[in-house]
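Peer 1: What follows is a structure written as structure tokens; I'll ask about it next.
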Amino acid sequence: GTLTVGNTSALGGTSGNTSVSSGATLEIGAYSIAEPLSLAGTGVSSAGALNFTAGGTVSGTVAMSAAATIQVASSYTATVSGVVSGTGSLTKSGAGTLTLTGGATGTNTNSGGVSITAGTLSVAADLNLGAAPGSVSATSITLNGGTLQASSTFILSTNRGITLGASHGTIDVSSGATLTYAGIIAGTSTNLTKTGTGALSLSGASTYTGTTTVSAGTLTAGGSTALGTNAGGTSVSSGATLKISTSTSEPLTLAGDGVSSTDGALNLPTSSVTASGTISLSANTTIKVESGVTSVTLSGVISGSGTLTKTGAGALTLSGTNTYTGTTAVNDGDLNLSNNDGLGASGATQGTTVASGASLKVGSLVTNSAEPLTIAGTGYLSYGALFFNGGGKFSGTVSLSGDATIRVTS
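With the numbering used here applied, the sequence shown has no gaps in its numbers, which climb one by one up to 411 at the end.
This is the structure:
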């Protein structure tokens with residue numbers, strides 16, 4: 002059955018212990034309970050062995066004598082501030098948020114792993130999740146309809162393998178925080194969503210086959226399969242940023258100007274990187290290449306109706322036979338072309354504008370581009386607003402929005 006706590010001392014003195022057997026439920030409302038607890042099972046009608054119906058707190062130790070479920074009601078945040086121990090797995094259910102703090106040292110010792118089936122499990126350190134496995138455990142963390150939230154900056158143990166369940170999973174990183182994870186994320190036809198305005202860095206050889214969605218903040222992909230297999234692709238929502246620091250063939254769908262409207266929906270911070278997957282511009286999109294980057298290439302076909310704006314002082318090469326129908330703007334740095342259709346479809350409503358201080362560099366492989374151009378200035382590092390590097394040919398109109406330099410080298 003269910004035992005409901007209606008007072009902070011309803012369970013008696015803290016020298017004793019309250020044990021919840023499998024099939025039973027201890028229900029706590031907006032109370033702070035210091036009683037040591039021992040939990041097992043999923044509770045009455047799957048209500049949880051421990052069920053927070055409001056924003057309560059358990060500051061006593063919590064022993065997982067077997068696999069146990071803790072449920073938190075929708076719209077509430079409950080906290081277990083005592084040390085969680087035992088070999089049983091912990092399942093977080095309910096639409097509310099459960100915060101684990103790991104006692105005075107921030108160290109929980111439970112070793113059975115965690116599963117989040119609804120709502121949010123919030124932690125501020127790796128050891129809030131319990132003892133890290135001694136070797137890689139594929140199901141140390143299971144996201145199956147719920148969210149793992151990093152409320153502070155920390156590194157998640159590589160041995161804590163993450164599995165995405167059939168109901169998919171979300172990783173939320175709070176504002177100002179960075180969560181770094183080099184482990185493997187697995188799952189078949191399961192999706193991963195990044196939320197929260199903080200930064201998530203993934204670099205493991207992940208194998209999940211669903212889509213990745215960057216809904217907010219920054220997601221940095223530091224490995225060729227950090228975003229899983231190429232089956233699902235990655236979508237970046239307006240206001241979010243995807244950083245790619247290694248070559249990848251991941252298909253991308255991009256929109257917006259990125260975090261703070263300055264980072265770009267796609268941010269390229271590292272030289273010698275090639276993104277060979279297709280890129281769809283679902284809305285007007287900014288791609289930023291950071292200063293000091295000398296060579297980064299988008300070789301996959303860029304499609305869609307959005308505009309493409311290149312920012313950042315680094316050099317970007319477009320080598321695909323692109324079909325996007327929006328205009329192109331080169332606001333800073335170099336944009337290099339090595340394909341007649343690198344600037345997308347050419348027509349009366351298309352065209353490329355090169356701002357003063359930026360350069361459009363045309364390679365010898367561009368033999369008949371009909372793209373209309375509008376140029377101004379002397380170009381990036383005085384290379385020329387339009388720079389024919391070893392040949393190349395444009396048959397489109399060229400308009401001067403101010404004094405402009407065109408440079409030609411053999």
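Built from N, CA and C at the ideal position, the CB exists for glycine as well.
Roughly how many whole angstroms lie between the Cα atoms of Ser216 and Tyr325?
Peer 2: If I take the Cα positions, the gap works out to 23 Å.
Peer 1: Should Val85 and Ala50 be called a contact, given that it needs their Cβ atoms to be closer than 7 Å?
Peer 2: Result no, Cβ atoms of Val85 and Ala50 do not sit closer than 7 Å.
Peer 1: Which class does Ser76 belong to by DSSP, given the choice of helix, strand or coil?
Peer 2: Coil.
Peer 1: Figure out for me which residue from Gly104, Asn52 and Thr410 has the closest Cα to the Cα of Gly97.
Peer 2: Nearest of Gly104, Asn52 and Thr410 to Gly97, Cα basis: Asn52.
Peer 1: Counting along the chain, where does the beta strand (DSSP E) carrying Val363 start and finish?
Peer 2: Val363 -> beta strand (DSSP E) spans Ser360 to Gly364.
Peer 1: For a quick check, are the C-beta atoms of Thr287 and Thr312 less than 7 Å apart?
Peer 2: The answer is yes: Cβ separation under 7 Å.
Peer 1: Pull up the CB-CB distance for Ser370 and Gly403, whole angstroms please, since I reckon it's below 8 Å.
Peer 2: Not quite, the Cβ-Cβ distance comes to about 22 Å (not below 8 Å), so this is no contact.
Peer 1: If you run the structure through DSSP and keep just helix, strand and coil, what is Ala405?
Peer 2: Looking at Ala405 - three-state DSSP - the assignment turns out to be strand.
Peer 1: Which same chain residues end up closer than 6 Å to Leu220 when comparing Cβ atoms and leaving out the 5 residues on each side of it in sequence?
Peer 2: So the list reads Lys195, Leu201 and Leu243, once near-sequence residues are dropped.
Peer 1: Quick check: what's the CA-CA separation for Asp264 versus Ala48?
Peer 2: Each residue's alpha carbon lies about 44 Å from the other.
Peer 1: Flag this pair as yes or no: are the beta carbons of Gly315 and Ser339 separated by less than 7 Å?
Peer 2: Going by C-beta atoms, Gly315 is not nearer than 7 Å to Ser339.
Peer 1: On the criterion of 16 or more Cβ atoms from any shown chain inside 10 Å, does Gly385 qualify as buried, or is it exposed?
Peer 2: Gly385 should be labelled buried.
Peer 1: Which residues share a DSSP beta bridge with Glu28?
Peer 2: Bridge partners of Glu28: Thr5 and Asn52.
Peer 1: To the nearest angstrom, how far is it from the Cα of Pro134 to the Cα of Asn111?
Peer 2: Going from the Cα of Pro134 to the Cα of Asn111 covers about 10 Å.
Peer 1: Ser1: which of Thr102, Thr308 and Thr148 sits nearest, CA to CA?
Peer 2: The question about residue 1 has no answer here: the residues shown for the chain are numbered 2 through 411.
Peer 1: Please return the same chain residues whose Cβ sits closer than 6 Å to the Cβ of Ser123, not counting the five positions on each side in sequence.
Peer 2: Closer than 6 Å at Cβ, skipping near neighbours: Thr98, Thr100, Gln150 and Ser152.
Peer 1: My guess is that Ile156 and Thr181 are in contact by the Cβ rule of under 8 Å, so how many angstroms apart are they, rounded?
Peer 2: Indeed they touch by this definition, with Cβ atoms about 5 Å apart.
Peer 1: My output table needs one value for Thr191: the three-state DSSP class, helix, strand or coil.
Peer 2: If DSSP states are grouped into helix, strand and coil, Thr191 belongs with coil.
Peer 1: So for Asp333, helix, strand or coil by DSSP?
Peer 2: The answer is coil: DSSP assigns Asp333 none of H, G, I, E or B.
Peer 1: Exposed or buried, what is Ser190 when buried is set at 16 or more other beta-carbons lying within 10 Å of its beta-carbon?
Peer 2: Exposed: under 16 other Cβ atoms inside 10 Å.
Peer 1: Let me check understanding here. Comparing Cα to Cα, which of Val331, Thr310, Gly24 and Leu344 lies closest to Val302?
Peer 2: Checked all of Val331, Thr310, Gly24 and Leu344; the closest Cα to Val302 is Leu344.
Peer 1: Below 8 Å on the Cβ atoms is my contact criterion, and I expect Thr171 with Leu128 to pass it. Report the Cβ-Cβ distance as a whole number of Å.
Peer 2: Thr171 to Leu128, Cβ: 22 Å. No contact.
Peer 1: When the Cα atoms are used, what is the spatial distance from Asn109 to Ser175?
Peer 2: Each residue's alpha carbon lies about 21 Å from the other.
Peer 1: Using the beta-carbon count (16 or more within 10 Å), is Lys362 buried or exposed?
Peer 2: Classification for Lys362: buried.
Peer 1: How long is the line joining the alpha carbons of Leu4 and Ser82, rounded to whole angstroms?
Peer 2: So the two alpha carbons sit approximately 21 Å from each other.
Peer 1: Assign Asn390 to buried or exposed, taking buried as 16 or more other Cβ atoms, counted over all protein chains shown, within 10 Å of its Cβ.
Peer 2: By the neighbour-count rule (16 or more Cβ atoms within 10 Å), Asn390 is buried.
Peer 1: Using 10 angstroms around the beta-carbon of Val237, count the other beta-carbons present and answer buried if the total reaches 16, otherwise exposed.
Peer 2: With 16 or more Cβ atoms within 10 Å of its Cβ, Val237 is classed as buried.
Peer 1: Assuming contact is defined by CB atoms lying nearer than 7 Å, are Thr298 and Thr275 in contact in what I supplied?
Peer 2: In this structure, Thr275 lies closer than 7 Å to Thr298 by Cβ.
Peer 1: Between Ala183 and Gly392, what straight-line distance do the alpha-carbon atoms span, to the nearest angstrom?
Peer 2: Their Cα atoms are separated by approximately 44 Å.
Peer 1: Considering only residues of the region 77-126, which uninterrupted alpha helix (DSSP H) runs meet the minimum length of 4 residues and lie entirely inside it, listed in chain order?
Peer 2: None, since the region 77-126 contains no complete alpha helix (DSSP H) of that length.
Peer 1: Can you list, in chain order, the residues of its chain with a C-beta nearer than 6 Å to that of Ile376? Leave out the 5 residues immediately preceding and following it.
Peer 2: Result list for Ile376: Val355, Ala386, Leu387 and Ala405, in chain order.
Peer 1: Take the Cβ of Ala125 as the centre, count every other Cβ of all protein chains shown within 10 Å, and call the residue buried at 16 or more, exposed below.
Peer 2: So Ala125 counts as buried.
Peer 1: Look up Tyr384 in the DSSP assignment and say whether it is helix, strand or coil.
Peer 2: Tyr384: coil per DSSP, three-state reduction.
Peer 1: How about Thr9 and Tyr32: do their beta carbons lie closer than 7 Å?
Peer 2: Going by C-beta atoms, Thr9 is nearer than 7 Å to Tyr32.
Peer 1: Any heavy atom of the ligand ADP within a distance shorter than 6 Å of the CB on Val84?
Peer 2: Among the components of this structure there are no ligands whatsoever, and the ligand ADP is therefore not found.
Peer 1: Please classify Asn285: does DSSP put it in a helix, a strand, or coil?
Peer 2: DSSP places Asn285 in strand when its eight states are reduced to three.
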